[in-house]
Amino acid sequence: MDSIKITGYGENNTIKKQINRGKEKEFSFDSEKFREDNRISIDITNIFNKPGSNAISKGDIEAIIPDVVTAHRQLLENRGDILDNNIPMTGWVDLPVKISAEHIERIKALVKRISPQIDAFVSLGIGGSYLGIEATIRALTHNHFNQLTRKARGNAPEIYFLGQNMDPDYFRDTLDMLDGKRIAVNVISKSGTTTETAIAFRIIRRLMEKNMGNEADSLIIATTDKLKGALKNLADKKGYETFVVPDDIGGRFSVLSDVGLIGLAMANIDIQEFIAGFKAMREITQTDDFWKNPALVHAAVRHAAWLKGKKIEVIATNSNSLMPVARWMEQLFPESEGHRGHGMWLSTSLYSEKLHANGQMVQDGERNLLETFLLLERHDNSIDIPGDADNIDGLNFLSDRGLDMNFINRKVIEGPAWAHYKGGVPNMTINIPERNAFNIGQLYYLMEKSVAISGYLLGHNPFMQPGVEAYKKAMFAMAGKPGYEDEAKKMEREMAGQERIIIK
Ligand code: PA5
1 MDSIKITGYG ENNTIKKQIN RGKEKEFSFD SEKFREDNRI SIDITNIFNK
51 PGSNAISKGD IEAIIPDVVT AHRQLLENRG DILDNNIPMT GWVDLPVKIS
101 AEHIERIKAL VKRISPQIDA FVSLGIGGSY LGIEATIRAL THNHFNQLTR
151 KARGNAPEIY FLGQNMDPDY FRDTLDMLDG KRIAVNVISK SGTTTETAIA
201 FRIIRRLMEK NMGNEADSLI IATTDKLKGA LKNLADKKGY ETFVVPDDIG
251 GRFSVLSDVG LIGLAMANID IQEFIAGFKA MREITQTDDF WKNPALVHAA
301 VRHAAWLKGK KIEVIATNSN SLMPVARWME QLFPESEGHR GHGMWLSTSL
351 YSEKLHANGQ MVQDGERNLL ETFLLLERHD NSIDIPGDAD NIDGLNFLSD
401 RGLDMNFINR KVIEGPAWAH YKGGVPNMTI NIPERNAFNI GQLYYLMEKS
451 VAISGYLLGH NPFMQPGVEA YKKAMFAMAG KPGYEDEAKK MEREMAGQER
501 IIIK
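And the structure:
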């Protein structure tokens, strides 16, 4: 049987971009034209006066503008409930303008040293020490990155993630992918004690040392606290190259720090363009002029929706590559908002796929939903829809008018936006012009500022996550970790008093 050839489709533009980035071509992100072509916007038309009860009006938004502006002022002036261990956790606000050229050079030098020596790079971490790195790499690279040739990846190594779960099958399958390859690892943990990351590191480190001997130490990078913690101590002892998770930046706000930059640079993402995106959105969102500041409007809309009983936010995108970005948001918002009985649950969806799964519920189920679309306006590639002599599916109108898959994929957002609005779901669309590092950087900063304002509006500190500690404590007690004996005994007692209900 002959094999299939995809002649007629031209070069894959995502691969083209990857290869070009590998050539280290410098270009300015400050040109007015570039900024105009890459301006993220939020369409909130469908938020207002949705049919049915609990509609949100423009008046509802106007009523909270003074609080939103006050919250913004407090954030910019480092005031309010923002301390963790007595440190104001707002270092991310000005980080975009604080990263020095020397620091960028240090990261580039690291990549230059390590990348040629390895076939695969393994990033270890969980939560904020994982999600943003994977999201950005997936957003900006080929959907089957690791299966491409090194040249098509723009000379980047394969990239893998571990330590984000404790599933031995997933771990083993990933080890299979690494078998026989030369690897380097970046172990990322601000606290340096997160169990999942630490266990993954033990295993990978043991394998590296067994296979490479002393050479392993030069291929291990530790990204952790500047001064303290188990990982920092081990790194000092072993002489690993270390990078820092800043004291005043929490995990989920840290993608622009070394936490994100090292992995992105290793995947051949232009980190200067990424930083430029953060900077641009920082500038855009500096103003207190409410309707000109998308972060303030985004925060106000979500807060008004929450006050009207919207308890779940569906984040839906028409881009497979942006799904991990939605997952990054799925951490940023709930971990920052889910305190003292507050906050919206986020549910991520790839449309069309999910329209045929949970679309019925969104259209017609309980009206407790807010929907936010991440609409990718220009995909990298264009796929024509072929005409058909018999036109049995009735789709020749598309080919006759020269409409391609991009056109349909836009309707995959615009159609549900209208239908769901009519069905009683207020929705907004975040328009992302194209997949580039500038736009992803802009989006991250916009969301970070919005969620910080949201914390102020809800009246709690959005930069802590005491709830995450609760599970760790229970897990350690159950696993028998020394130091947790009292907790374990208490748990056993309470569990013994519970009526076990197991249905077989
Ligand atoms: O946002 C956060 O602070 C958390 O999600 C952390 O990033 C996550 O718990 C991992 O922590 P650490 O980097 O200390 O291992």
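For the record, in the sequence shown the residue sitting at position 494 is 494 according to our numbering, with numbers rising by one throughout.
Glycine is no exception: its CB is placed at the ideal position from the N, C-alpha and C atoms.
Item: By a C-beta neighbour count over all protein chains shown, 10 Å radius and 16 as the cutoff for buried, is Met1 buried or exposed?; Value: exposed
Item: Between which two residues does the alpha helix (DSSP H) holding Met329 run?; Value: 323-337
Item: Is it buried or exposed, Val468, if we count other Cβ atoms within 10 angstroms and call 16 or more buried?; Value: exposed
Item: Nearer than 7 Å: is that true of the beta carbon of Ser191 relative to any heavy atom of the ligand PA5?; Value: yes
Item: The ligand PA5 and Thr197: does the residue's C-beta get closer than 7 Å to at least one heavy atom of that ligand?; Value: yes
Item: Closest to Lys311 by CA distance: which of Trp345, Ser257, Gly341, Asn165 is it?; Value: Trp345
Item: With DSSP run on the structure shown, which of helix, strand or coil describes Asp43?; Value: strand
Item: Confirm, please, whether the CB-CB distance from Ile118 to Ile183 is below 8 Å.; Value: yes
Item: Please report the straight-line C-alpha distance between Asn406 and Leu375, rounded to a whole angstrom.; Value: 11 Å
Item: Three-state secondary structure (DSSP) at Thr7?; Value: coil
Item: Leaving out five residues before and five after Leu264 in sequence, what residues of the same chain have Cβ atoms less than 6 Å from its Cβ?; Value: Thr136, Ile271
Item: When you compare the stretch 143-162 with the stretch 110-129, are there three or more beta-carbon pairs, one atom per stretch, that lie closer than 8 Å?; Value: yes
Item: Is the beta carbon of Ile188 within less than 7 Å of some heavy atom of the ligand PA5?; Value: yes
Item: How many Å lie between Leu148 and His142 at the Cα?; Value: 8 Å
Item: Would Leu296 pass as a contact of Val68 if the rule is Cβ separation under 8 Å?; Value: yes
Item: Looking only at its own chain, which residues have a Cβ that is under 6 Å from the Cβ of Ala216, when we skip the five neighbours before and after it?; Value: Met208, Glu209
Item: With a threshold of 7 Å, establish whether the CB of Gln117 neighbours any heavy atom of the ligand NAP.; Value: Judged by which ligands are present, the ligand NAP is missing from the structure shown, whose ligands are the ligand PA5.
Item: Along the chain, where does the alpha helix (DSSP H) containing Thr70 start, and where does it finish?; Value: 58-76
Item: What does Pro88 pair with, by DSSP beta-bridge criteria?; Value: Leu83
Item: Following the continuous alpha helix (DSSP H) through Trp306, name the residue where it begins and the one where it ends.; Value: 294-307
Item: Which residues share a DSSP beta bridge with Ile502?; Value: Its beta-bridge partners do not exist; DSSP assigns none.
Item: Please confirm if the stretch 313-323 is in contact with the stretch 338-358, defined as three or more CB-CB distances below 8 Å between the two stretches.; Value: yes
Item: Spatial neighbours of Asp388 within its chain, please: CB distance less than 7 Å, with the 5 preceding and 5 following residues excluded, ordered by chain position.; Value: Asn396
Item: Just checking my contact of Leu124 with Thr197 at CB under 8 Å: how many whole Å lie between their CB atoms?; Value: 5 Å
Item: Per DSSP, Ile220 is paired with what?; Value: Val185
Item: For my contact list, Ala222 and Tyr240 are in at a C-beta cut-off of 8 Å; report their separation, rounded to the angstrom.; Value: 5 Å
Item: Is it true that the CB of Asp248 sits closer than 8 Å to the CB of Ile64?; Value: no
Item: Please report the straight-line C-alpha distance between Lys5 and Ala139, rounded to a whole angstrom.; Value: 27 Å
Item: Would you tell me roughly how many angstroms separate the C-alpha atoms of Lys238 and Lys232, rounded to the nearest one?; Value: 10 Å
Item: In angstroms with no decimal places, state the Cα-to-Cα distance between Pro168 and Asp176.; Value: 12 Å
Item: Rounded to whole angstroms, what's the CA-CA distance from Asp225 to Asn381? Just pull it up for me.; Value: 41 Å
Item: Less than 8 Å separating the beta-carbons of Pro466 and Ala452?; Value: no
Item: In this structure, what does DSSP give as the bridge partners for Val244?; Value: Thr224
Item: Relative to the C-alpha of Leu131, which residue among Lys108, Asn165, Arg150, Gly309 is closest?; Value: Asn165
Item: Roughly how many angstroms separate the alpha carbons of Ile104 and Asn439, rounded to a whole number?; Value: 19 Å
Item: With a floor of 3 residues, list each beta strand (DSSP E) that falls wholly inside the stretch 420-479, ordered by position along the chain.; Value: 427-434
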